[in-house]
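In this text, residue positions in the sequence shown follow the working numbering: the first is 1, and each later residue adds one. Glycine included, every Cβ here is placed at the ideal spot set by N, Cα and C. It should be emphasised that the depicted structure is a prediction, and the values quoted were computed from it without experimental measurement. Have a look at the structure below, then the notes.
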Amino acid sequence: MTRGEQIKTAVETLRNGGVILCPSDTIASLSCDASDIQALKRIYKIKQRPDSKSPIVLVSSLTMLEAYVSDIPEAAYQIMEATEKPTTIIYSSVRNLPKEVMAEDGSVGIRHVSGGFIKDLIDRFRRPIISTSANLSGDKSAVRVSDVDPIISKSVDLRIEIDEYLDEPSSVIKFNRDHSFKIIRK
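Okay, here's the thing in C-alpha cells:
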C-alpha cells in the first residue's frame with residue numbers, strides 16, 4: 001500500500017471511530033479522533049491505563065491549535081518556532097475538546113507536529129487526534145510499530161508501519177493561566 005493509500009485508510013478508520021497504531025513524531029502511538037470519547041475509552045482499555053491520565057492531543061497547524069486553545073501565551077509561540085525537538089505544551093485555557101481528554105485541572109497537553117506521516121494524517125483528517133505511547137501502562141514505550149506488544153497490535157483497527165521515529169518522547173512544558181510556565185520534561 002502506498003503512503004497516500006495508508007493515509008486515506010487511516011483517515012477513514014479515524015472517521016469511523018477506530019483506533020490506529022502508527023508512528024507519531026516521536027515513538028509508536030495509539031491514536032484516535034480527539035473528539036471521539038468511545039475511541040479514547042478503547043485506547044485506555046487497550047493500554048490497561050486508568051482514564052485519570054490524560055492523553056496528548058496532536059494538531060498539524062497553528063490555525064488548528066488556535067481553534068482549541070483560547071489563550072496561547074506568546075512564549076508558547078516562541079518555543080514552537082525555536083525548538084526542533086517535538087514539544088508538548090500543556091495549556092490551561094482549552095475549548096472545543098471533550099472533558100475526557102483534559103487533566104483534572106482542565107488543562108490539555110497539545111503538540112503541534114511539524115512533519116512526517118502524522119502531520120500528513122492530521123492535515124488530511126482536518127481535526128486533532130489523540131496520541132499516546134503504544135504500550136501497556138507501565139511498560140517501556142515502543143519506538144517502532146514492529147516492536148509494539150502483540151496484545152496492543154491485535155487490539156487496534158489499523159496498523160500503519162512507516163519507519164519515521166525520533167526514538168524519544170517529546171519535551172513537555174506547562175503554561176499556567178498567568179502565562180508563567182514550568183518545564184516538566186526536557
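query = Looking at the structure shown, is LYS174 part of a helix, part of a strand, or coil, going by DSSP?
reply = Along the sequence shown, read from residue 1 onward, the residue named residue 174 stands at position 174. It is a strand residue.
task = Could you tell me how far apart the beta carbons of VAL172 and ARG159 are, in whole angstroms, since I believe they sit closer than 8 Å?
result = Looking up residue 172 in the sequence shown gives position 172. Looking up residue 159 in the sequence shown gives position 159. The distance from the Cβ of VAL172 to that of ARG159 is about 27 Å, inconsistent with a contact at the 8 Å cut-off.
query = Three-state secondary structure (DSSP) at THR63?
reply = For this step, residue 63 is matched to residue 63 along the sequence shown. If DSSP states are grouped into helix, strand and coil, THR63 belongs with the helices.
ask   = Would you call the segment 45-52 and the segment 121-141 touching, i.e. three or more CB-CB distances under 8 Å?
value = Enough Cβ pairs lie closer than 8 Å, so yes.
Alpha-carbon spacing of LYS45 relative to GLU5, whole angstroms = As a position in the sequence shown, residue 45 is number 45, starting the count at 1. As a position in the sequence shown, residue 5 is number 5, starting the count at 1. Distance between the alpha carbons of LYS45 and GLU5 is about 28 Å.
key: Cβ-Cβ distance between ARG111 and ILE56 below 9 Å   = Residue mapping note: residue 111 aligns to position 111 of the sequence shown, counting from 1. Residue mapping note: residue 56 aligns to position 56 of the sequence shown, counting from 1. In contact: ARG111 and ILE56 (Cβ atoms closer than 9 Å).
ask   = Which residues does DSSP pair with VAL28 in a beta bridge?
value = Start at 1 with the first residue of the sequence shown, and residue 28 comes out as number 28. One point to set straight first is that residue 28 is Ala, not Val, in the sequence displayed. Looking at the DSSP assignment, ALA28 forms a beta bridge with PRO23.
ask   = Between the Cα of LYS119 and the Cα atoms of THR2, LEU62, ASP36, which residue gives the shortest distance?
value = Reading the sequence shown from its first residue, position 119 is the one you call residue 119. When each option's Cα is compared against that of LYS119, the closest is LEU62.
inquiry  = Under 8 Å: do the segment 29-43 and the segment 174-185 share three or more Cβ pairs, one atom per stretch?
reply    = No, the segment 29-43 does not touch the segment 174-185.
task = Please specify which runs of the alpha helix (DSSP H), each continuous and at least 4 residues long, are wholly inside the segment 81-163, giving them in chain order.
result = 116-125, 150-153, all fully within the segment 81-163.
key: Spatially closest choice to ILE89 from GLU100, GLU104, VAL69, by CA coordinates   = The residue labelled residue 89 in the question sits at position 89 within the sequence shown. Residue VAL69 is the option with its Cα nearest to ILE89.
inquiry  = Let me check one thing: in DSSP terms, what residues is ASP33 bridge-paired to?
reply    = Counting from one through the sequence shown, the residue named residue 33 turns up at place 33. The partner list for ASP33 (beta bridge, DSSP) reads ILE129.
ask   = Can you name, in chain order, every residue of its own chain whose Cβ lies under 7 Å from the Cβ of ALA76, other than the five neighbours on each side?
value = Indexing the sequence shown from 1 puts residue 76 at position 76. Excluding its 5 nearest sequence neighbours in each direction, ALA76 has C-beta neighbours in its own chain below 7 Å: ILE89, PHE175, listed in chain order.
key: ARG49, enclosing alpha helix (DSSP H) - first and last residue   = Working through the sequence shown from its first residue, we reach residue 49 at position 49. It is not in any alpha helix (DSSP H) - ARG49 carries neither H nor E in the DSSP assignment.
In DSSP terms, what LYS41 is bridged to = In the sequence shown, counting from the first residue as 1, residue 41 sits at position 41. BP columns for LYS41 are empty, so no partner.
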